[in-house]
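From first to last, the protein sequence lines stand for chains A and B. Read in my numbering, the first sequence has 104 at position 102, and its numbers run on one by one without any break. Read in my numbering, the second sequence has 388 at position 100, and its numbers run on one by one without any break.
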Amino acid sequence: MATSQEVFEKVQETLVDALGVDDDEVTPEATLIGDLGAESIDFLDIVFRLEKNFDIKIPRGELFPENLAGADSGFIEDGVVTEKGIAELRDRMPHADIDSFADDPKVENIQELFTVEMICKFLESKING
Amino acid sequence: MRWFWVDRFLEFESGSYAKTIKNVSLAEEHLHDHFPGFAVMPNSLIIEGLAQTGGILLGESTGFAHIVVLAKVPKMRFHSWACPGDTLTYTVTLIDARNEGGTIEATAYVGDRLVAEGEIMFAHADQMAADLPFDLSQKNVVFDVGLLDILEVGKAGDGTQRVQAGQPT
């Protein structure tokens, strides 16, 4: 059973390799896009590396759900995620901090759900069951 | 000029590794601007040659079922350079291949001098259309620009094929 610290250190190492950032930038609160400069293709790279480093399989869309804010998703109204959309986020991203997001559920804030801590929580539940 | 940044495959082992060469010639237009007074093979085009080698290696591993695009260069280090008259030897190893894409490790040498080393990641564009900014109706670059012909280039003086695609040498 991996401890939280072990998982974090491995995630940190993975993100340093994938994003070319310094290890002290990879804090639990850091957002992948805003703080660490990740772009869309980096998410694929991160999944590849996590699978290898943790020796697990991550089905597509499980860690980084796709099309969360699509125009035809029905979860967005006037640039804000609806109650139904928030419920959908809770369902698809149980490892993310949806409560904080729900305080200001603007579409552009969705990307802030993707934090280092979110990855760690996802992996811990995956590894430790 | 055509967008071929390798001249010939030397070795090709399906799904494993490939080795190509690129002969740098002073006749190449770009060398006269890069840099004025110091002609040197641009590092970006060394990456392109490594990516063409690796892209064909990855593409061939699935029978060219996917549209392989260079997605990202996670790391690349340049230790020296290649000048007109030099032969760059590109060796790429497939370290990860999956439905969404793949990754290679790559080196470029002139003789036994290391010029570049790093990693290149490819995506299968047809598997991730929603994320891509461009129109996927474009044809597979490998077939469209005849890139695959490189595998057929390289007949010896006696007409025998030097490398057969998909077969170890």
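Quick reminder that beta carbons are idealized off the backbone N, C-alpha and C, glycines included.
Please tell me whether residue i has its Cβ less than 9 Å away from any Cβ of chain E.
i: A/Gly22; result: The displayed structure is made up of protein chains A and B, and chain E is not among them.
State the beta-bridge partners of residue i as determined by DSSP.
i: B/Gly390; result: B/Ala385 and B/Phe410
i: B/Arg296; result: B/Ile309
i: B/Leu402; result: B/Tyr397
i: A/Val82; result: A/Glu79 and A/Lys108
i: B/Met416; result: B/Met416 is not bridged to any residue.
Let me make sure I understand the geometry here. Which of the options has the alpha-carbon closest to that of residue i?
i: A/Val18; options: A/Gly76, A/Val118 and A/Glu68; result: A/Val118
i: A/Pro30; options: A/Leu125, A/Phe56 and A/Phe10; result: A/Phe10
i: B/Phe300; options: B/Asp321, B/Leu345 and B/Ile335; result: B/Leu345
i: A/His97; options: A/Ser127, A/Val23, A/Ile58 and A/Gly39; result: A/Ser127
i: A/Leu125; options: A/Val109, A/Glu41 and A/Lys59; result: A/Lys59
i: B/Ala385; options: B/Asp321, B/Ile335, B/Asp295 and B/Gly303; result: B/Gly303
i: A/Leu65; options: A/Thr5, A/Glu85, A/Gly76 and A/Phe116; result: A/Phe116
i: B/Val356; options: B/Glu388, B/Phe297, B/Ala370 and B/Asp295; result: B/Glu388
i: B/Ile334; options: B/Ala315, B/Glu317, B/Lys360 and B/Met364; result: B/Met364
i: B/Arg296; options: B/Asn311, B/Tyr305 and B/Arg290; result: B/Asn311
i: B/His320; options: B/Cys371, B/Tyr305, B/Gly347 and B/Leu298; result: B/Cys371
i: B/Ala359; options: A/Asp57, A/Leu46, A/Leu52 and A/Val23; result: A/Leu46
Please check if any C-beta of chain B sits within less than 9 Å of the C-beta of residue i.
i: A/Phe50; result: yes
i: A/Asp44; result: yes
i: A/Arg92; result: no
i: A/Lys54; result: yes
i: A/Asp47; result: yes
i: A/Asp19; result: yes
Within its chain, find whatever has a CB closer than 7 Å to the CB of residue i; leave out the 5 residues flanking it on each side and keep chain order.
i: A/Ile88; result: Ile100, Ala104 and Pro107
i: B/Pro362; result: Glu407 and Met409
i: A/Ala20; result: Asp44, Asp47, Ile48 and Arg51
i: B/Arg401; result: Ser368
Counting only beta-carbon separations shorter than 9 Å, does residue i have a partner in chain A?
i: B/Ala339; result: no
i: B/Ala353; result: no
i: B/Asp414; result: no
i: B/Lys363; result: yes
i: B/Thr350; result: no
i: B/Thr391; result: yes
i: B/Arg386; result: yes
i: B/Ala411; result: yes
i: B/Ala306; result: no
i: B/Ala359; result: yes
i: B/Ser425; result: Note that B/Ser425 has pLDDT 47, beneath the 50 cutoff, so the model's placement of it is unreliable and no number is given.
Tell me which same chain residues have a C-beta within less than 6 Å of the C-beta of residue i, skipping the five on either side of it?
i: B/Gln426; result: Residue placement at B/Gln426 is flagged as unreliable, the pLDDT there being 47, under the threshold of 50; a coordinate-derived value is accordingly withheld.
i: B/His354; result: His412 and Asp414
i: B/Thr379; result: Lys307 and Thr395
i: A/Phe91; result: The question names Phe, but residue 91 of chain A in the sequence shown is Leu. Contacts found: Ile100.
i: B/Glu405; result: Arg365 and Thr395
i: A/Ile121; result: Val13
i: B/Trp293; result: Leu333, Glu336, Gly337 and Gln340
i: B/Glu317; result: none
i: B/Thr375; result: Ile309 and Asn311
How big is the Cα-Cα spacing for residue i and residue j?
i: B/Ala339; j: B/Thr350; result: 17 Å
i: A/Val28; j: B/Pro330; result: 33 Å
i: B/Ile392; j: A/Ile43; result: 16 Å
i: B/His367; j: A/Asp80; result: 53 Å
i: A/Val49; j: B/Phe410; result: 14 Å
i: B/Leu439; j: B/Met416; result: 27 Å
i: A/Ser75; j: A/Val83; result: 10 Å
i: B/Pro459; j: B/Ser332; result: Look at the range of chain B in this structure, 289 to 457, and you will see that residue 459 of chain B is not part of it.
i: A/Lys123; j: A/Gly39; result: 21 Å
i: A/Ser102; j: A/Phe77; result: 18 Å
i: A/Thr16; j: A/Ile35; result: 15 Å
i: A/Thr33; j: A/Met95; result: 15 Å
i: B/Leu382; j: B/Phe352; result: 15 Å
i: B/Val328; j: B/Trp369; result: 7 Å
i: A/Asp24; j: A/Gln113; result: 21 Å
i: B/Arg290; j: A/Asp57; result: 42 Å
i: A/Val109; j: A/Glu8; result: 33 Å
i: A/Asn111; j: A/Leu70; result: 12 Å
Could you check whether the Cβ of residue i sits closer than 8 Å to any heavy atom belonging to the ligand PLP?
i: B/Glu317; result: Of the ligands one can find in the structure shown there are none, so the ligand PLP has no counterpart to examine.
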